[in-house]
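Asks: The structure follows.
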Amino acid sequence: MTALPEGAAHVLADPGLTGAVVIVTGAGSGIGAATARRAGAAGARVVLVGRRREPLEEVAGQVRSAGGDALVVPADLADAAAAGHIVRSGLERYGRIDGLVNNAAVCRHKALGEWDVAGFDEHVATNIRAPFFLIQEALPALRESPVRSVVNISSSSGTLHRVGQSVYAMTKSALDYLTRTLAGELAPLGVRVNGIAPGPIDTPIHATWADDLEEAYRWLGSQVPLGRIGAPDEVALWIVLLLSPMASFLTGAVIPLDGGQVIDRE
Numbered sequence: 028m029t030a031l032p033e034g035a036a037h038v039l040a041d042p043g044l045t046g047a048v049v050i051v052t053g054a055g056s057g058i059g060a061a062t063a064r065r066a067g068a069a070g071a072r073v074v075l076v077g078r079r080r081e082p083l084e085e086v087a088g089q090v091r092s093a094g095g096d097a098l099v100v101p102a103d104l105a106d107a108a109a110a111g112h113i114v115r116s117g118l119e120r121y122g123r124i125d126g127l128v129n130n131a132a133v134c135r136h137k138a139l140g141e142w143d144v145a146g147f148d149e150h151v152a153t154n155i156r157a158p159f160f161l162i163q164e165a166l167p168a169l170r171e172s173p174v175r176s177v178v179n180i181s182s183s184s185g186t187l188h189r190v191g192q193s194v195y196a197m198t199k200s201a202l203d204y205l206t207r208t209l210a211g212e213l214a215p216l217g218v219r220v221n222g223i224a225p226g227p228i229d230t231p232i233h234a235t236w237a238d239d240l241e242e243a244y245r246w247l248g249s250q251v252p253l254g255r256i257g258a259p260d261e262v263a264l265w266i267v268l269l270l271s272p273m274a275s276f277l278t279g280a281v282i283p284l285d286g287g288q289v290i291d292r293e
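Following my numbering, the numbering of the sequence shown begins with 28 at its first residue and continues without gaps.
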């Protein structure tokens with residue numbers, strides 16, 4: 028795992044999120060967990076969303092230890108009713124929603140002939156339908172917030188066209204488009220919508236497609252001009268920045284946080 032450069036952990040010591048309520052999906056591990064911890068350290072109250080309660084409770088303890096507060100909301104984002112349940116839970120507990128981080132995703136690598144409708148629909152439901160309807164459900168509360176920020180986590184795969192990633196990459200490309208189009212639609216309301224497209228990051232998602240993680244990490248690092256994969260906290264740092272009033276003039280951006288993959292795609 029790659030550590031943050033010395034001193035980087037203090038860059039956003041006070042990003043202006045004290046008391047803010049932030050929903051983070053996929054919060055039980057990886058980028059989502061790192062984001063929850065960093066938001067908690069900034070004084071935010073975090074609604075932790077994921078399929079399994081146990082890892083969410085562990086992260087909730089870390090958020091509270093960091094100085095924030097946390098609400099655990101187990102939910103399967105492939106369920107069409109999940110978006111409403113998540114937003115209602117946050118409002119019932121805290122009375123406001125200030126930020127939304129659409130981080131949860133499913134990722135399977137398969138050739139065209141190996142896909143079935145169920146697997147295809149799971150990717151669409153989790154990776155694109157859930158973010159769309161979470162933004163829709165949260166919008167009335169976001170409009171009343173002084174923060175009013177949405178951050179969508181896509182992937183460099185949405186640009187790089189990797190063999191075997193057709194369905195996953197398609198949904199991530201769609202999420203980038205959604206980020207840009209909703210940024211324009213919601214700008215008159217003062218709601219900012221930005222995205223981050225990470226390259227290879229040290230998270231559990233790689234175990235869903237790689238039998239040999241050590242070899243997979245070596246290969247992934249070799250595909251990055253900077254020569255390594257990233258750490259979840261390197262992404263979380265940017266997410267908290269995009270959530271915060273420090274980025275108040277930024278909307279419609281999709282930041283390629285990928286060690287240079289997008290400049291080396293030829």
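Glycine included, every Cβ here is placed at the ideal spot set by N, Cα and C.
#1: What three-state label does DSSP hand residue 170 in the structure shown?
#2: Measuring straight from C-alpha to C-alpha, what distance separates residue 284 and residue 91?
#3: When you compare each of 173, 127, 185 to residue 164 by their alpha carbons, which one comes out closest?
#4: Assuming residue 46 contacts residue 70 under a Cβ cut-off of 8 angstroms, what Cβ separation, rounded to an integer in Å, is found between them?
#5: Would you kindly work out how many angstroms separate the C-alpha atoms of residue 65 and residue 148, rounded to a whole number?
#6: Using the Cβ count rule (16 or more neighbours within 10 Å means buried), how would you classify residue 28?
#7: How far does the alpha helix (DSSP H) with residue 106 in it extend, from its first residue to its last?
#8: Taking contact to mean at least 3 C-beta pairs separated by less than 8 angstroms, is the stretch 136–155 in contact with the stretch 92–99?
#9: Can you find the residues in the same chain that come closer than 6 angstroms, C-beta to C-beta, to residue 206, ignoring five residues on each side of it along the sequence?
#10: Please report how far the alpha carbon of residue 229 lies from the alpha carbon of residue 172, in whole angstroms.
#11: Quick one: what's got a C-beta closer than 8 angstroms to residue 60's C-beta in the same chain, skipping five residues either side?
#12: Three or more C-beta pairs under 8 angstroms: does that hold for the stretch 208–219 against the stretch 245–252?
#13: Is it buried or exposed, residue 108, if we count other Cβ atoms within 10 angstroms and call 16 or more buried?
#14: Along the chain, where does the alpha helix (DSSP H) that runs through residue 287 open and close?
#15: Could you tell me the alpha carbon to alpha carbon distance between residue 57 and residue 63, rounded to whole angstroms?
#16: Quick check on DSSP: helix, strand or coil for residue 294?
Replies: In short:
#1: Taking the first residue of the sequence shown as 1, we reach residue 170 at position 143. Reduced to three states, the DSSP call for residue 170 is helix.
#2: By one-based count along the sequence shown, residue 284 stands at place 257. By one-based count along the sequence shown, residue 91 stands at place 64. Using only the alpha carbons, I get a separation of about 28 angstroms.
#3: Within the sequence shown, numbered from 1, the residue matching residue 164 stands at position 137. Residue 127 is the option with its Cα nearest to residue 164.
#4: Taking the sequence shown and counting its residues from 1, one reaches residue 46 at position 19. Taking the sequence shown and counting its residues from 1, one reaches residue 70 at position 43. Between residue 70 and residue 46 the Cβ distance is about 6 angstroms, and since that is below 8 angstroms, they are a contact.
#5: If you number the sequence shown from 1, residue 65 lands on position 38. If you number the sequence shown from 1, residue 148 lands on position 121. Near 32 angstroms, if we compare the C-alpha coordinates of residue 148 and residue 65.
#6: Along the sequence shown, one-based indexing puts residue 28 at 1. Interpretation of residue 28 is limited by its pLDDT of 42, a score under 50 that renders its predicted location unreliable; the figure taken from the coordinates is listed afterwards. Exposed: under 16 other Cβ atoms inside 10 Å.
#7: Stepping through the sequence shown from its first residue, residue 106 is reached at position 79. No alpha helix (DSSP H) contains residue 106, which DSSP labels as neither H nor E.
#8: no
#9: Here residue 206 refers to the residue found at position 179 of the sequence shown. Cβ within range, chain order: 179, 220, 222, 281.
#10: Position 202 of the sequence shown, counted from the first residue, corresponds to residue 229. Position 145 of the sequence shown, counted from the first residue, corresponds to residue 172. Each residue's Cα considered, the two are about 33 angstroms apart.
#11: Your numbering for residue 60 matches position 33 in the sequence shown. The residues are 54, 82, 86, 89, 259.
#12: no
#13: Here residue 108 refers to the residue found at position 81 of the sequence shown. Classification of residue 108: exposed, given that the 10 Å Cβ count is below 16.
#14: On the sequence shown, residue 287 is found 260 positions in, with the first residue counted as 1. Counting along the chain, residue 287 falls outside any alpha helix (DSSP H), and DSSP gives it neither H nor E.
#15: Taking the first residue of the sequence shown as position 1, residue 57 is located at position 30. Taking the first residue of the sequence shown as position 1, residue 63 is located at position 36. Rounded to the nearest angstrom, the two C-alpha atoms are 10 angstroms apart.
#16: Outside the modelled stretch of the chain, which goes from 28 to 293, sits residue 294, for which no answer is possible.
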